[in-house]
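Enquirer:
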Amino acid sequence: MYYLKRILFMIPLLLVISFLAFMLVRLAPGGPFDKDRQPASPEIKRNLEAKYHLNEPRWKQYARYLAGLVRGDFGPSMKYRDHTVNDIIAQGLPVSMTLGLLAFCFANAVGLPLGFYTAVRRGRWQEWLGSFIAIVMVCIPALVVAPLLVMLFGIRWGILPVALWDSPLHAILPTAALGIFFSGRVARLMREGMLTTLKEPFVMAARAKGLSDTIVLLKHAFPLGVLPIVSYSGPMLADLLTGSFIVENVFRIPGIGVFLVNSSLNRDYTMVVGLVVLYAGLLLFLNLAVDFLYTVLDPRVKYE
Amino acid sequence: MDGFPNAFPFTGKAFCFSDSKNSKNEIQPPRRGAAWPSRWWLLFLLLALTAAPFLTSCRPNGGRADVVIINGGEPESLDPAIVTVQADLRLVRGLFEGLVRLNARTAEPEPGLAYRWEITPDGLKYTFHLRSNLVWSTGESITSADVLYSWLRVLEPRTAADYAGQLYFVRNGREFNSGKIKDRDAVGIHAEDPLTVTVDLAAPTPFFLALCTFPTLAVVPRKAIEAHGDRWILSRPLPVSGPYTLDFWRLQDRVRMRKNPLYWDAASTRSEVVDFLAMDSANTALNLYESKQADVLWDKNLVPTEVLDILRQRPDCHQFSYLGAFFLRINVTRPPFDRPLVRRALALAVDRHRIVERITRGGEQPAFHFTPDGIPGYQPPDGLAHDPAGARRALEQAGFPGGRDFPTLDYLLTNPRVEQQIAVELQAMWQTELGIRVELHQNEMKVYQSAQTALDYDVSRSSWIGDYNDPNTFLELFTSENGNNRTGWKNARYDRLMSEANRQLDRTRRASLLREAEKMLVEEELPIIPVYFYAGLNFFDENKIEGVYTNIVDEHPVQAIAKRTDGAGR
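Line by line, the protein sequences are chains A and B. The first sequence begins at 1 in my numbering and counts up one residue at a time. The second sequence begins at 1 in my numbering and counts up one residue at a time.
1. Quick one: does residue 226 (chain B) have its CB under 8 Å from some CB of chain A?
2. Could you check the C-alpha separation between residue 336 (chain B) and residue 382 (chain B) for me, to the nearest Å?
3. By Cβ distance below 6 Å, which residues in the same chain neighbour residue 197 (chain A) in space, the five residues on each side in sequence not counted?
4. Any chance you could list the alpha helix (DSSP H) runs of at least 4 consecutive residues sitting entirely within the segment 290-369 of chain B, in chain order?
5. For the segment 483-501 of chain B and the segment 386-397 of chain B, state whether three or more C-beta atom pairs, one from each stretch, are separated by less than 8 Å.
6. Scan the segment 74-146 of chain B and note each continuous alpha helix (DSSP H) run of 4 residues or more that stays entirely inside, going in chain order.
7. Using a cut-off of 9 Å between C-beta atoms, extract the partners of residue 80 (chain A) located in chain B.
8. Identify whether residue 557 (chain B) lies in helix, strand or coil by the three-state DSSP scheme.
9. Could you tell me the alpha carbon to alpha carbon distance between residue 218 (chain B) and residue 297 (chain B), rounded to whole angstroms?
10. Determine the contact status of residue 487 (chain B) and residue 448 (chain B), defining contact as a CB-CB distance below 8 Å.
11. Determine the burial state of residue 506 (chain B): buried for a count of at least 16 other Cβ atoms within 10 Å of its Cβ, exposed for fewer.
12. Over the uninterrupted beta strand (DSSP E) stretch that includes residue 461 (chain B), give me the two end residues.
13. On the DSSP letters alone, give me the boundaries of the alpha helix (DSSP H) that residue 116 (chain A) sits inside.
14. For residue 35 (chain A), name the three-state secondary structure that DSSP assigns.
15. Distance, Cα to Cα, residue 295 (chain A) vs residue 234 (chain A)?
16. According to the Cβ coordinates, are residue 136 (chain B) and residue 261 (chain B) closer than 8 Å?
17. Is the shortest distance between the beta-carbon of residue 27 (chain B) and the beta-carbons of chain A less than 8 Å?
18. Are residue 361 (chain B) and residue 295 (chain B) closer than 8 Å when you measure CB to CB?
19. Are the beta-carbon atoms of residue 81 (chain B) and residue 216 (chain B) separated by less than 8 Å?
20. With 8 Å as the threshold, decide whether the Cβ of residue 265 (chain A) is near any Cβ in chain E.
21. Just tell me which of B:168, B:180, B:275 and B:79 has its CA closest to the CA of residue 559 (chain B).
22. Less than 6 Å between C-beta atoms, sequence neighbours within five positions excluded: which residues of the same chain meet that for residue 315 (chain B)?
23. CB-CB under 6 Å to residue 6 (chain A), same chain, minus the five flanking residues each way: which ones, in chain order?
24. Tell me which same chain residues have a C-beta within less than 6 Å of the C-beta of residue 284 (chain A), skipping the five on either side of it?
25. Flag this pair as touching only if the segment 530-538 of chain B and the segment 311-330 of chain B have three or more C-beta atom pairs under 8 Å; answer yes or no.
26. When DSSP labels each residue in this structure, what does residue 232 (chain B) get in the three-state scheme?
27. Please report how far the alpha carbon of residue 78 (chain B) lies from the alpha carbon of residue 233 (chain B), in whole angstroms.
28. Is any beta-carbon of chain B found at less than 8 Å from that of residue 40 (chain A)?
29. Using 8 Å as the threshold, is the segment 81-92 of chain A in touch with the segment 249-263 of chain A, meaning 3 or more CB pairs across them?
30. Which residue wins for smallest C-alpha separation from residue 86 (chain B), given the options A:37, A:112, A:124 and A:108?
31. Would residue 23 (chain B) pass as an interface residue toward chain A - the criterion being a Cβ-Cβ separation below 8 Å?
32. With H, G and I counted as helix, E and B as strand and the rest as coil, what does DSSP make of residue 219 (chain B)?
33. Along chain A, in chain order, which residues have C-beta atoms closer than 9 Å to that of residue 231 (chain B)?
34. Consult DSSP for residue 281 (chain A) and reduce its assignment to one of helix, strand or coil.
35. Give the secondary structure of residue 251 (chain B) by DSSP, where H, G and I count as helix, E and B as strand, and everything else as coil.
36. So which residues on chain A does residue 160 (chain B) lean against when the C-beta distance must stay under 7 Å?
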């Protein structure tokens with residue numbers, strides 16, 4: 001029941017978001033058909049605007065858009081005129097999601113053990129080293145990491161492709177470039193979570209009972225210490241699944257992240273609104289999924 | 001999982017103090033029995049989810065193409081009626097051909113789908129004779145009806161073709177495009193019989209054959225377009241009239257073309273499969289080229305300017321001049337820029353050599369006239385040389401000695417760094433030579449473009465790339481009604497000179513009329529200040545790739561390009 005209510009609530013929210021996006025992008029100066037090369041005559045520009053209904057009043061344009069949206073049709077792209085927005089999403093989103101999921105796995109595979117280890121080795125040199133690595137991962141942006149990886153693995157050692165998206169081999173560098181920042185975040189959250197949990201009385205009790213360190217840490221402390229990461233997973237996944245402009249740009253990955261940035265620069269109205277609605281929907285859904293996961297992981301959490 | 005022997009609920013239970021659900025005892029750990037399996041479940045689910053789309057999105061694409069070309073940005077379209085960007089036009093030329101095509105070496109017009117044509121002595125009527133063996137890549141024959149359909153489609157208001165203006169030279173083309181005439185028969189293009197097309201022009205247009213090579217006038221498949229509407233390019237099989245078929249088009253990645261065996265001149269098509277990579281980032285483009293994943297890099301914007309100096313010294317760098325100019329527009333509707341003397345002062349103060357030697361550094365030539373050198377049969381005027389003293393005098397005559405009382409000049413520019421550097425340099429030149437304060441307005445592309453159209457600037461950076469090898473592709477811009485004028489400058493004498501020139505059949509007479517018009521533009525009236533001519537740069541290793549010829553229109557027909565088999569590894 002609770003979840004049903006949440007899902008129903010998404011609909012008006014998405015409507016408001018689509019309306020705002022629709023109007024805001026039209027408020028920005030310049031339009032999709034302002035070009036370096038203007039058409040030779042004003043008639044041509046009129047034809048263009050008529051074709052995409054830009055000559056109609058705004059409310060009518062929005063009504064037209066909504067009618068399409070209900071049918072799941074985001075309309076034609078005004079920049080890439082052979083494609084509809086649906087075509088572009090259908091091509092780019094699976095690629096971005098693949099890369100995002102790979103980076104998500106990478107972030108957890110690197111971040112969880114690192115955070116766990118630094119928490120367990122509290123006060124020793126391993127903690128300092130581990131925490132230092134985590135901080136470095138958080139601080140260096142993909143803008144720097146990606147070209148650095150390309151330079152080392154792609155050009156200097158020539159063992160991995162420098163760009164494009166043709167084989168699983170092509171996914172390694174972008175996954176790392178995209179995942180490193182999140183690994184750092186996960187490691188730091190894991191460390192905090194573990195340190196807090198280790199202070200809990202039940203851990204002491206478990207130790208007092210004579211359980212081995214491994215069991216106390218893995219079985220009793222870990223499931224609670226990992227909770228901050230579960231709640232972080234929602235926004236992290238949303239961030240990763242929708243593609244990163246920088247990583248997709250550096251590695252020339254045919255994803256959707258590049259489109260999100262470029263479509264607003266291009267004033268590709270339909271594309272901007274379509275992608276905003278898609279992202280908003282994805283974010284709402286992931287938040288719901290995280291809340292649901294909470295009830296599974298921590299029985300103290302319940303929704304009415 | 002070896003390290004977690006007790007992680008499973010059935011063994012784990014033994015270690016719990018209590019299984020009680022509602023335990024209030026703080027000493028007891030929260031129940032986690034059910035959490036473990038669902039977490040593993042989730043992990044598996046995630047991995048499965050990861051693998052599934054990966055397999056589809058990393059589809060095997062048949063290995064490396066015979067030739068891989070880094071072409072330019074993501075194509076906006078491959079529809080001949082829609083494309084306007086030069087990089088996109090190059091792709092379209094590979095897929096769709098018109099009555100006339102470009103010679104692969106010189107880029108001069110040569111017979112395409114039409115094998116010969118006649119022109120009446122008054123230059124008003126063209127009769128094209130199609131080859132009799134023409135077929136689409138899907139096997140149906142190409143006839144004059146297809147030519148008719150394709151051209152009228154461009155003019156049809158519903159198509160909303162950006163470059164419909166290329167057909168305004170045809171009688172009633174403009175009227176049909178603007179909806180004033182609805183009757184298709186009134187438009188000056190007719191099919192005499194299945195193999196003959198006649199074209200009536202509005203005025204003798206000496207460059208009409210060059211226009212016929214332009215993709216806007218290429219022949220497109222009616223059936224596919226009527227069946228699939230705006231998305232027809234994505235339909236399969238896609239009938240094409242050119243040397244290559246469209247294998248696939250993956251956005252933000254590449255367009256792959258495969259040889260069209262049914263093309264009339266398929267025997268001269270050199271490569272089976274050609275990839276055109278679409279790139280935004282110059283660094284990525286260079287990385288791909290340097291790591292040999294691409295054979296040709298022919299977009300100068302995709303070469304990082306920081307390393308241009310080094311790259312230009314290499315043998316795989318091929319430099320040439322082509323029809324491209326960087327210039328400044330002046331908004332003549334805003335005082336004091338409405339006075340030619342003021343514009344003259346600005347023009348005289350610009351040191352072009354300094355800009356090409358210190359900023360652009362890619363072999364650009366300083367420009368004192370608007371039409372680039374090298375158009376056959378045309379000698380552009382000299383223009384105004386750099387003369388700071390003359391500039392100061394002109395400004396003084398205009399009533400602003402030493403720049404006194406001169407309002408702040410708004411300079412409109414957009415993002416690329418080289419644009420900023422040029423702007424700063426110009427700012428310094430006008431400030432020190434003329435005492436004019438210059439304010440730079442840097443805007444993102446669309447804002448810049450709409451400000452330029454709305455005449456919301458004093459001076460604006462501008463550029464123009466010629467569409468065909470004739471001065472008209474440059475000079476027609478500044479006729480009063482042209483959509484690309486964007487200076488507010490309207491001059492009846494200029495308009496008259498241009499229309500007279502384009503009616504003139506005698507080549508020398510025509511050239512002198514055009515020269516007179518250009519003289520107004522760059523020596524007398526100065527609504528624009530030419531700054532430099534672009535230099536074309538193509539990167540490819542001559543020992544490995546052949547068939548990329550440099551020419552003044554910067555066109556390199558795909559069918560001529562191939563990997564060398566003889567000299568490989570020399």
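By construction, the Cβ of each residue, glycine as well, lies at the ideal position given by its N, Cα and C atoms. Please read all numbers here as calculations on a predicted model, not as lab measurements.
Expert: Once the coordinates are examined:
1. no
2. Whole-angstrom Cα-Cα distance: 26 Å.
3. 221, 224 and 225
4. 308-311, 340-348 and 352-355
5. no
6. 86-95
7. 74, 75, 76, 77 and 251
8. Annotated three-state conformation of residue 557 (chain B) is coil, per DSSP.
9. 26 Å
10. no
11. Exposed is the call here.
12. 459-465
13. 85-120
14. In the structure shown, residue 35 (chain A) falls within a coil segment according to DSSP collapsed to helix, strand and coil.
15. Cα-Cα distance, rounded: 14 Å.
16. Cβ atoms of residue 136 (chain B) and residue 261 (chain B): not closer than 8 Å.
17. At residue 27 (chain B), the pLDDT of 40 sits below 50, so the modelled position is not reliable; the number obtained from the coordinates is stated separately. Closer than 8 Å to some Cβ of chain A, the Cβ of residue 27 (chain B) qualifies, so yes.
18. no
19. yes
20. Going by chain labels, chain E is absent from the structure shown, which instead holds the protein chains A and B.
21. B:275
22. none
23. 288
24. Spatial neighbours of residue 284 (chain A) in its own chain (CB-CB distance under 6 Å, excluding positions within 5 residues in sequence) are listed in chain order as 10.
25. yes
26. helix
27. 7 Å
28. yes
29. Pairwise C-beta distances place the segment 81-92 of chain A in contact with the segment 249-263 of chain A, as three or more of them are shorter than 8 Å.
30. Between residue 86 (chain B) and the set A:37, A:112, A:124 and A:108, the nearest pair of CA atoms involves A:37.
31. Residue confidence for residue 23 (chain B) is low, a pLDDT of 38 falling below 50, so the modelled location carries little weight; the figure read from the coordinates is stated next. It does not; no Cβ of chain A falls within 8 Å.
32. Residue 219 (chain B) falls in the coil class under three-state DSSP.
33. 76, 82, 83, 84 and 87
34. Residue 281 (chain A): helix per DSSP, three-state reduction.
35. coil
36. 47, 48 and 51
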